[in-house]
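To convert, take the position in the sequence shown, counting from 1, and add 432; that gives my numbering.
In this text, a Cβ means the ideal position worked out from N, Cα and C, and glycines have one as well.
Right, one structure below, let's go through it.
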Amino acid sequence: MKWTEDQQKAIDSRHGNFLVSAGAGSGKTAVLTERIKQIVLKGQKEKEENVPLSEREGAAINEILVLTFSNKAAAEMKSRIRESLFKAFKSGELKEDLSPLVEASDITTFDSYFYSLVRKYHQYLGLSKDVTIVEGNFLSLKAREFLDEIFDDLYAKRDSDFLALISRFAFKDDEEIRENVLSLLLSSSILENPVQFLDSLAIDYFSPGYFEKRKKEWIAYQQKEIDSLIEEANNLGDSECAAFLLSFLTPFSDIQDPDALFKAANTDFLAHSSPYKDGRFRLLKEGDKQNEKFHYLDFEDYAAARAISARIKSLFSSFKGIGSFEDNLALQKKNIPYIKEYAFLAKKLWEKLLSYKKEKNVYDFSDIAFLARKVLEDESIREKIRHSYKYVMVDEYQDTSDLQEAFLRKVSYNNLFAVGDMKQSIYRFRYANPAIFLEKFERYSKGEDGTLITLNVNYRSARNVIEDINGFFEETMSKERGSINYDESQRLLFGNAKTFGQNRSASYETEKILYTPKKGESKEEIEAELIARDIEDKVGRYIVTTKNEKRVADYKDFVILCRSKKCFQTLLKVFGEHKIPFAPSAETDLSGEDTFLLFRRFLRLSLAYGKDEIEEKHSYLSIQRSYLFEKRKDKELIDEVQSGSYKKSAFWKEFGSLLLRLTKMAPSEAVETLLSYYPFYKNLPYIGRLVDNYEKIRTFLASAKVADRLGMSYLEFCSYFLEQEKRKTEEKVSLPPQSENAVRAMSIHVSKGLEFPIVYLASNYPNLFKNIPKETSWNVSKDFGLLLPTFTDKGNVPNLFSRLYVANEKQEALNEEMRILYVGATRAIDKLIYLSPLYDEKETLPVSRHLLEIKVDPDGKLLDASLKDLSSYRDFFFVSRKAFPSFKSLSPKRTPKKETKGREVPLLKTPKLCSIDIKGQELLTNRASKNEMVSLDYAKISYGLKFHKILQNVPFVSLKKPDLSYLGEGKHKVETLLALPFFQERKGYKEFHEYGFFDKEKNLHGSIDLLLVSENECDIIDFKSKEVDDPSYRNQLASYKEYVERVFKRKTRTYLLSIGSSSINELK
């Protein structure tokens, strides 16, 4: 193979540190493989010539450490090197065959190498050699148990620091504080030294140097916002309107005062600008209403001026309540005691978990990485490992985490060769830190500490694809949108003229499929339909390229790349209607699959059998409807369930006998017995995808074996699965590759490293900032430490530190979204096809908190667009004037919606509830609960919170006497409450615990501790540690009552249950 000059430079590099910035399709794996081969050949030759060890440039295969991020990548590299060395032996370059040595070499993943180090140096770590890696899900559930113990202990001791934290931040219960402790522990565990980070939270993040750094960032943040608006105002065609808007902005063109916008926001100088909807823009001098005049603008300038004006007002109003820099410092410092307590709780939990892991000899992957780095703290071990490798190489270096980078610093010594691409860093959710690559990129480009080599010749794609990608990303990717400028050093060069020819070809033109959705139509369904029709047009007609050979397109040549996997079900349905074979990605979440749901239902029945009749009925019905049993009529099954005769069925009796056996077995044996007793394996052909479903069953067994190791019983293992369901934890499995001739679909993350002849980029873009925390919420990061809510007499108010943090998170999310788009687009070999809704010239798209103005003509051609504050790759595609010159404008095939009936039939008649899940609701403005800040008695609040949590799980009006033996010393108190005549008289009522609701009419949301419902009336019961006589509290319950009466259409009363006095009284 003929190498380019830059590729040869990378292959021949030896002494020093090297960073290879390798664009998509540039042959980085081939270069890395060739470099290893040449080093081994040189080493063997030097050995034969008896060159002194200190003078050798080459190395044996076992003197090279190569680290990757996936088993697949490691296996592929080993295969290539093995083949390369064998060819060298056959050609005579090598006198002996070294290829068998490759398998035992250290060409492996980070995780595997860390694990091997921990096992090798287990004695130094004080561990048994038989260290086992378990899923984080198992250990996270154990962490919650330990945290419960810690909280119970501190409540019992009436610890003043702990109770102060509860008093300050607990609302209703302490669940949010528990979640925060777990989040803090997780955030610290991915760092180089977790305990050191926790200890630094109340010290390093309150130092003068830290505050000075934030002050500069705060000034820069304000300046960036103002400069953006000045640039937009200057671009207006109407000079008089531009001058008017600039009159508000130019006084802030050089901000030096950190309180500049705060001071301005608290004056009325913005009160005199307001656009009108009829195309006129009002211009007037401050305070001069008599001389106001109306200025007529054309539509383009009017829309732009209106958007800029709205942004100016939005920006300044956001500073109104932020306070001065010194005010914010004072508020932050008030939180130091609470930060210390959070750190104490996280360290306490860390210690308990470490002790448990050591006892059971089980660790998750992050633990193993931490322990591997700890091994290198011993100087003698570190030096031994360092000198055992002459070269250290890393593939996909842009995905390195802080912990992995800390390890590399210790194991390498001016011999690191790292290959990657900043533009393909898309794994922040796996703790990848792209700043590590970027920092080296910038230093090495200046010749500091290392050498930068750039590979930018793309050997994968047609010229059209390459040029269109360049045209698009030259306009859109920059340090502000992507973290790196898409300049000459990043631009891809066309390198496969042998296959595609030198010039552009009409066959390979990038396409846009544009459509106009009607109100209420699903864009996912429309796009699935359009893709299906386009595939039908191309299959058997379009010529594609595979392995540099041309042939007619088949179904397997098409891939649909989605931003998330939520579109797979829609694609499956539509492609089924078109009879197009379809295979979704090789990694899937089991929790929504039939096999998984059925298995979990058996586990639920194992826990409910003889204890929970409602769960028994649901489980019986689901299992009997499954593929394990002959199909029966729903009416027949429902009659059995409602009459209770299901308990006389053969299945019920058999399962009861089987359960007695299962409870005496270890989890893995019990799961194997359960799967064998019922025809799970035998009946799998009825639901298809045999290989996939066998792989899922294998995953169940693997999880059960981990439970064996942790000493769980079968019923504890069942509880683990139910806890996963409760917390919506995904149970993922990597499925075998699909070999059938089928259209594939996958998320862009899964597609990384792959290539496909024809790529569709679907527009199922997520809400980019959905997971970005609020400025008033609890936040933690390595850069900002622990940020707690700040309180004044106005309640929980935003602070500038949280605003900087949130702005930084939004920027990073935007940067990664741009890189995700780059990864998706560069998967295409022959053709890239983009789908998007078509917007007319009068439509504006909301982007973040601003407006993006986009105009297209009737044919869908882009007329104009703003590049400011883009938030999704829908916007990225629209703003490109150079990219994707070819497009299709198609009308979706519309068919009437069919009425569908669900299979699930309710077992009991219940009133129609208008409650919704209020998690993540950001637009709610009022809360039915009290807003006043009060001074609380620590002892009483700890007592009340503890029993409040207990009572959430107690059945108050069950006809069957509940088992309360698990409550310990709290049992007597609960029995006293249950014995109250009030509850005895209401036996058999339906009861709802923690009934959350949102009242749309009143724009209120709240949570009712206990709601009892009968045919004629409803009772609202609120739990308190003592009697409360407070008008605002009565107003809160009155709002609950009004909502319940309206929804349930029953007479409703409100009651206060006093835990302290064991009494219940009606509130009138």
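Check: Nearest-angstrom beta carbon gap, D853 and Q830 [assumed within contact, 8 Å]; Outcome: 6 Å
Check: Whole-angstrom C-beta distance between L1396 and K1403, which should lie under 8 Å; Outcome: 5 Å
Check: 8 Å Cβ cutoff met for L870 and I916; Outcome: yes
Check: Of the residues E953, G933 and Y859, the one placed nearest E1248, counting alpha carbons only; Outcome: Y859
Check: For F1201 and S996, the rounded distance between their alpha carbons; Outcome: 15 Å
Check: Distance CB(K998)-CB(A1174) smaller than 8 Å; Outcome: no
Check: Alpha helix (DSSP H) runs contained entirely in the segment 572-655, provided each spans 4 or more residues; Outcome: 592-601, 607-621 and 626-632
Check: Element boundaries [beta strand (DSSP E), containing E1449]; Outcome: E1449 to K1456
Check: Pick from L557, Q655 and S1495 that is closest to I813, judged by C-alpha positions; Outcome: L557
Check: Alpha-carbon spacing of S705 relative to S741, whole angstroms; Outcome: Note that S705 scores 48 on pLDDT, short of 50, meaning its location in the model is unreliable and no value can be drawn from it.
Check: Delimiting residues of the alpha helix (DSSP H) encompassing E1498; Outcome: Here E1498 belongs to no alpha helix (DSSP H); instead the beta strand (DSSP E) covers S1495 to L1499.
Check: Nearest to E1241 (by Cα), restricted to the options D1225, E1207, T1105 and E959; Outcome: E1207
Check: Euclidean distance between Cα positions of I1204 and K982; Outcome: 46 Å
Check: Reference E624; option with closest CA among Q1001, K806, S1490 and K527; Outcome: K806
Check: Alpha carbon of R1485 to alpha carbon of A1470, nearest angstrom; Outcome: 9 Å
Check: The segment 473-481 contacting the segment 792-806, beta-carbon criterion three pairs below 8 Å; Outcome: no
Check: DSSP-derived helix/strand/coil call for K790; Outcome: helix
Check: Residue environment, T682, which counts as buried when at least 16 other CB atoms sit within 10 Å; Outcome: exposed
Check: Simplified DSSP state of R983, which is helix, strand or coil; Outcome: strand
Check: Proximity winner among G1438, L1442, S544 and F1414, relative to N1385 (alpha-carbon distances); Outcome: L1442
Check: Presumed contact (8 Å Cβ cut-off) between Y876 and I622, rounded CB distance; Outcome: Their Cβ separation, rounded to whole angstroms, is 26 Å, which puts Y876 and I622 out of contact at 8 Å.
Check: Stretch-stretch touch, CB-based, cutoff 8 Å, three pairs: the segment 528-548 with the segment 497-505; Outcome: yes
Check: Nearest neighbour of I1046, chosen from D529, K1079, E495 and K519 [CA to CA]; Outcome: K1079
Check: 6 Å CB neighbourhood of L1030 in its chain, flanking five on each side removed; Outcome: S1058
Check: For E466, three-class secondary structure by DSSP; Outcome: helix
Check: Residues that DSSP places opposite E1045 in a beta bridge; Outcome: In the DSSP output, where bridge partners are listed per residue, E1045 has none listed.
Check: Sufficient close CB pairs (3 or more, under 8 Å) joining the segment 630-647 to the segment 758-774; Outcome: yes
Check: Top-ranked residue by Cα proximity to A929, from R892, G1438 and E920; Outcome: R892
Check: Contiguous alpha helix (DSSP H) assignments of at least 4 residues, all confined to the segment 655-685; Outcome: 671-681
Check: Rounded straight-line distance, which links the Cα of L777 to that of R576; Outcome: 12 Å
Check: Contact the segment 563-571 vs the segment 792-804: 3+ CB pairs below 8 Å; Outcome: yes
Check: Beta-bridge partners of R1176, as assigned by DSSP; Outcome: V991 and A1015
Check: Within 8 Å, strictly: CB atoms of P1016 and A1194; Outcome: no
Check: Best match in K656, I493, E672 and E663 for proximity to Q688 [C-alpha to C-alpha]; Outcome: K656
Check: Within 8 Å, strictly: CB atoms of D1454 and L1410; Outcome: no
Check: Buried/exposed call for T1258, threshold 16 Cβ in 10 Å; Outcome: buried
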